[in-house]
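Notes to accompany the following structure.
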Amino acid sequence: MKKILTFLAIAILSCATIFAQETVKITKIDTTSKGIEFGKKKGDSKDVIEIIGKKTTTTNPISIDLSKYEKKEVKIDFYCDILIEGSKNSVNEVIWVVNDFNSGFPEIAKSKVKTGEWSRMSGSKFVSLTGKRQLYIPGNKIDLKNCKIYIKNLEVKITGDNLSGKEEQLKYWLDVPSLKDSLSKHFDYFGLAVTWNNEFEAPEIQEGVKYHANSITMGNEFKPDFIFRWSVPKTFKDFKGQNGKTVKVPNTTLAGFATCEQILQAAKDNGLKMRGHVLVWHSQTPHWFFTENYSTANNAKLVDKETMNARMEWYIKTVLEFVADWEKKNNNGKRIITNWDVVNEACADGASATKWLREDSDWFRVYGNEEFIVNAFRYANKYAPKDVNLVYNDYNCYAGANNKTGGKTNAILKVIDAIQAAPDARIDAVGMQAHVQIDYPSVSGTVSDSFEAAIKKFVAKGLNVQVTELDIANNKQLYSGIKQKQKYHDYFEMFIKNKKTATRKGVEGVTIWGITDNGTWLNALQQYKGHKQYPLLFTEKFECKPAFHGILEAAKK
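Take -13 as the starting number for the sequence shown in the working numbering and just add one per residue.
Right under this line is the structure:
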């Protein structure tokens, strides 16, 4: 299969070296101390490690050498059975710990071991090995002078990037299992976000996208700025809104529709569905759309609510009818766009019970309340086909999910309540953007910011959830393939646990926000300045990173 992708006119960022992951197993402790014997028999057990405390010659005789993995981020999976005899203590606190001061002496396993009884110890943890380290039992925690210690079934798995020191070739994205096929039993769709120019317009990119996804979201091309093509209309006609208000609206076909037609055709040719993104948004919507006489002057006066209602209705009607007409003429009326983000990011960061909407928005400046959100869903319900899902989409949807009041989760719940209270409005799903970090938020649990808790609250409103813009930033940490793989695995495992079924609402689809790390939007953000991000599934050579395999492993469970 040809793997020449030099056609891409993309500026390649300097990229972290991505290595294949390896796992090594350790089944013996080190023999740097006397008093340790292997292959002993103890009761019915064979191949037991015996440590005779009074014969040992080091303070911490029970240790496992990790020095080969110096300066690596690794995952340690540990278990063993342990028996302590002769101790003066009836219960012994046993800890397996890594002697890495910079990592806070991470405890891998900890247990209360009763003297004279076999106990199972196990644990799993990510550890940064900043030097030549050991995994050991501190000798000062045990009555070494009087006791014998027996260990059996010892297994320590060390998993990390390039543990052998040899670079291994990652697999090309067409030489691995398809993500959409692997996830088909769990979700209605699996999607990738793309842009048109220099990316999805290329047949080679389309080939890979359709192999792994059955849905796409355009990163920019269906946003108002792109639909208007950054130009003020020159001629106008009258439009009478549902509210009876007659307003002037553009009299020509919107310039951005030409690109939209190309995208719809490419989606059809590749058997892909689309998420429409986005109709009503405070960003990437021209300021003149809100001003009297469509003025571009900085001090131009904003229109009143009734005029804005009619303009909004005209815009939503125009875009939705354009898509429906294209589908009718070119796709036998079958849907290409199956979901629309009707309103995007209308809730405030740090929302409170009394101040819960974003106020740095021309939409809010005109309305001062949630009326524009409700009206957007009213108009979308009026003009969208009934088999197209209408979605409220936002970021940080998990903020305050386990709080009774305050936080963005509860702000979104207020939005949902307002929409559902309007008899002619319709909302079918909440879009959770999911621009998350390797260490935040909590995937699940009872902490305030819990992704799973937010899903459950939205589902309780009778809505499905769509994960619309997932990427996992390494934040201010160095990129770690093993850690990112685990995080993608954890998220998808949780999504699958909360998936939509025939009898309940839930997660119905997941979209990854981008294809390769070199094209991620995150590196343009001020918050990551000086810390390059590698948040996606593929390298710039379209090779599968460990994160890709984390999703596959979650899908198989």
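Heads up, the beta-carbon is just placed ideally off N, CA and C, and yes, glycines get one too. Nothing here was measured: the structure is a model prediction, and the numbers come from that model.
Query: Quick check on the DSSP output: the beta strand (DSSP E) that includes V34 runs from which residue to which?; Result: S31 to I38
Query: Look up F524 in the DSSP assignment and say whether it is helix, strand or coil.; Result: strand
Query: Should T395 and Y381 be called a contact, given that it needs their Cβ atoms to be closer than 9 Å?; Result: no
Query: With distances taken between CB atoms, is the gap from G117 to D86 smaller than 9 Å?; Result: yes
Query: So what's H535 in DSSP terms, helix, strand or just coil?; Result: helix
Query: Residue ranges of each beta strand (DSSP E) run of no fewer than 3 residues wholly in the stretch 35 to 76, ordered along the chain?; Result: 49 to 51 and 58 to 71
Query: Nearest by alpha-carbon distance to I37: which of I128, G146, I537 and V162 is it?; Result: I128
Query: If H517 and K462 are in contact, beta carbons under 8 Å, what's the gap, nearest whole angstrom?; Result: 5 Å
Query: Checking 9 Å against the spacing of the C-beta atoms, do Q423 and N460 come in under that value?; Result: yes
Query: Is it true that the CB of K196 sits closer than 9 Å to the CB of W267?; Result: no
Query: With respect to 8 Å, is the separation between the Cβ of K341 and the closest non-hydrogen atom of the ligand NAD below this value?; Result: As presented, the structure is devoid of all ligands, the ligand NAD included, so that no description of it is given.
Query: Assuming the contact rule is C-beta atoms closer than 8 Å, L522 and G500 should be a hit. Round their C-beta distance to whole Å, please.; Result: 5 Å
Query: Could you check how far apart the C-beta atoms of V496 and N484 are, in whole angstroms? I think they sit under 8 Å.; Result: In fact, because the Cβ distance is near 11 Å, the residues do not count as touching under 8 Å.
Query: Per DSSP, what kind of secondary structure is T395 in: helix, strand or coil?; Result: helix
Query: Determine the DSSP secondary structure at D348, reduced to helix, strand or coil.; Result: helix
Query: For P189, report the span of its alpha helix (DSSP H) as first-last.; Result: P189 to H198
Query: Taking the straight line between their C-alpha atoms, what separation do you get for S97 and E79?; Result: 6 Å
Query: For the stretch 369 to 435, which segments carrying the beta strand (DSSP E) assignment without a break, of at least 3 residues, lie completely within its bounds, in sequence order?; Result: 375 to 380, 415 to 418 and 421 to 423
Query: Can you check whether the CB of W300 is closer than 9 Å to the CB of G227?; Result: yes
Query: Assuming I70 and T101 make a contact with CB atoms under 8 Å, what is their CB distance in whole Å?; Result: 5 Å
Query: Do you know whose CA, among E357, I398, G386 and S49, lies nearest V377's CA?; Result: I398
Query: Looking at G125 and T42, is the spacing between their C-beta atoms short of 9 Å?; Result: yes
Query: Helix, strand or coil: how does DSSP classify Y342 here?; Result: Residue identity check: residue 342 is Trp in the sequence provided, not Tyr. Correct three-state label for W342: coil.
Query: Opposite F186 in the DSSP bridges: which residues?; Result: Paired residues: none, contrary to the question.
Query: Quick one: what does DSSP say R618 is sitting in, helix, strand or coil?; Result: Summary: the structure shown does not reach residue 618, with the chain confined to residues -13 through 543, and so no result is reported for it.
Query: For D410, is the classification buried or exposed, using 16 other Cβ atoms within 10 angstroms of its Cβ as the cut-off for buried?; Result: exposed
Query: DSSP state of Q472, grouped into three classes?; Result: helix
Query: Return the bridge partner residues of F91 from the DSSP annotation.; Result: In the DSSP output, where bridge partners are listed per residue, F91 has none listed.
Query: DSSP on H268, reduced to helix/strand/coil?; Result: coil
Query: Looking at the strands, I want to know which residues DSSP matches up with Y175.; Result: G495
Query: I need the DSSP call for S201, collapsed to helix, strand or coil.; Result: strand
Query: Since I believe R412 is in contact with F350 (beta carbons under 8 Å), could you give me their beta-carbon distance rounded to a whole number of angstroms?; Result: Their Cβ separation, rounded to whole angstroms, is 23 Å, which puts F350 and R412 out of contact at 8 Å.
Query: Name the DSSP beta bridge partners of L288, please?; Result: T277
Query: Pull up the CB-CB distance for V218 and W274, whole angstroms please, since I reckon it's below 8 Å.; Result: 6 Å
Query: Among the residues of its own chain, which have a CB less than 6 Å from the CB of L250, if the five just before and after it don't count?; Result: W312 and I322
Query: Can you check which of these residues, D167, V374 and K341, is closest to T391 by C-alpha distance?; Result: K341
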